[in-house]
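So the sequence shown is residues -23 to -1, 1 to 425, counted in mature numbering (1 follows the signal peptide of the UniProt record, and there is no 0).
For glycine and all other residues, C-beta sits at the position ideal for the given N, C-alpha and C.
Just so we're clear, the structure is a prediction, and the values are computed from it rather than from any experiment.
Report on one structure; see the data block that follows.
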Amino acid sequence: MRQSHQLPLMGLLLFSLIPRQQCEICEVSKENYTALNPLISTMINSKYNKGIQAANVLLSLRLGGFLSQSQDQQLTEKVLLATRSTEPSLTSGQLALAILALGACKGPDGIPKTSELVIDLENKFQAEIKNMEEHDGNPLTNYYQLSLDVLALCLFSGKYSIPEVAEIFKPGNKNYYFHEQFSVDTGAMAVLALTCVKEKITRRQNQTDSKYADNIVNHTRSLVNEILSQKTENGLLGNIYSTGEAMQALFVSPTYYNENQWDCQKTRDRVLAEISQGAFRMPTAAAQILPALMGKTYLDVNKDSSCVYGSDSFNISTQEPVSVTPAVSPSEIEVYYSVVINNQIDNTTVSVPNGSVFLDVMEQAEKENATRFSFTAEESSWGPYITSVQGIKANTNDRTYWELLSNGKPLSQGKRESAKKPHRVTMPQTPRCECVSFRGECAKALGN
């Protein structure tokens, strides 16, 4: 699951001290903006673009300046209503994301919409810290959400402890790792949060805070090196879903690596190729990649800067789109499916239409034997994700989670992975990863 952090609730943040040459190199040219149309269409028209889930979309499209004024108003009202009506049940990271979206720029009415929400975020962040103190360093959510918390609190003048931030985000912390693998998007969000905190320390010139600046710089450098260590041969940073936020992290920290360590254009071109192949089918995935392609980062959020509006070229539907069943081959395929809980194995072979996704396999197995193959799932901005199997739920404090595997390897697209190969669901005895609806790397393994 994702973790949250807290920062102050003030105003204008000028990040002019952050070198931007890397952003300009990777920016998609205006002549190629049509390549971004699938992302924008996905964000605006998806059935998952509703309620608090619309915050990611609003943030991304505001940073890109793609919304007309009327579209911006519709999405803002949707996010604001959802946030206010569900605030007590929101995780800290969800609330932080809503604050970033609502405060990304100043609307035409000029009325701040985040002040009370930042106070609520401060309380949620402290609850995360308290849980870490009581449960062996495990937050209520995860370090991705903690980083979102700190970033939002920093950009909007919320209260947070700089010594606490410096301590929490030490490199090597177990919360940066899932399944013994460094989580690129978690590390990237931490870099963005730490960069914001460092800039605030520099601007304030407070001697008490300044003594932690070197620690934060060292943490950032270490995280950047970890991100670059996960670079693939084809230019991705981690995987396709973590690359967008990793690009943002590298944009704001060019002094921590040299040009030979990262070919920004190669990464951009690979992402554009993935877009053309339909890789970003969920609005959250599209929202997380778009800012980097525009040369933007979450540090460009500025509640005192007027929103930039584009043309009214995309429809924002107020009704849930009618789902269309894609044409598939009428032939049936057999899939061997097993549920492994510690050393107990329940397995079966089910028949599903060719082209089915993993969720279809799970549902068919449950129909045939609800006792052995029952499960629950919830809809999220990443699509459905598993909450329990055979009544056993993931546990944040124990760091246990449900993992989907094919031939022993985690699925790249989770429950929506095509069911052409054998798949199995495993609950590991040793906790390895925590997943929530909007965690890039983990969420994709639970159903986008």
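Can you tell me whether residue i is helix, strand or coil according to DSSP?
i	result
A256	coil
P231	helix
A354	strand
T118	coil
K83	strand
T261	helix
Y218	coil
N9	helix
I363	strand
V316	strand
residue 426	Any question about residue 426 goes unanswered here, given that the chain covers just -23 to 425.
I88	coil
K27	coil
N108	helix
E309	strand
T244	helix
N100	helix
T209	coil
T274	coil
Identify the continuous alpha helix (DSSP H) that holds residue i and give its terminal residues.
i	result
N33	31 to 41
V285	No alpha helix (DSSP H) holds V285; DSSP gives it neither H nor E.
D49	46 to 63
T19	14 to 22
L336	335 to 345
Rank the options by C-alpha distance to the C-alpha of residue i and give the top, closest one.
i	options	result
L40	E111, I217, G80	G80
G114	L77, Y153, E93	Y153
T172	F133, L128, G135	L128
T220	A190, S18, A262, M109	A262
K151	T163, P140, E141	T163
P231	V168, R61, D191, K177	V168
L132	P260, V278, A32, L13	V278
K101	H112, A78, L72	L72
V327	N319, V317, K344, N320	K344
F228	I217, Y218, R245	R245
P65	R198, P361, I96	I96
V338	K280, T348, L16, E311	E311
E110	E93, E141, Q225	E141
L74	N14, I363, A371, M166	M166
L117	R181, T68, V366	T68
I322	A223, V174, L200, V366	V366
I252	L267, D240, Q242, N211	L267
N235	L270, G212, L205, F43	L205
N22	M259, N216, Q265, S383	M259
A264	A226, N9, L35	L35
T348	N324, K177, G332	N324
If we count the other Cβ atoms within 10 Å of its Cβ and call it buried at 16 or more, is residue i buried or exposed?
i	result
I88	exposed
Y313	exposed
D86	exposed
S282	exposed
S77	Reading off the sequence, residue 77 comes out as Leu, not Ser. Label assigned to L77: buried.
E380	buried
E309	exposed
S37	buried
L58	exposed
D191	exposed
S6	exposed
N14	exposed
Hey, quick one: how far does the beta strand (DSSP E) through residue i stretch, first residue to last?
i	result
N324	321 to 330
S383	380 to 383
Looking at the C-beta of residue i, does it have a partner C-beta in chain D at a distance below 8 angstroms?
i	result
S383	You won't find chain D in this structure, because it holds only one protein chain.
### Task
Any chance you could list the alpha helix (DSSP H) runs of at least 4 consecutive residues sitting entirely within the stretch 124 to 206, in chain order?
139 to 145, 161 to 181, 184 to 187, 190 to 206
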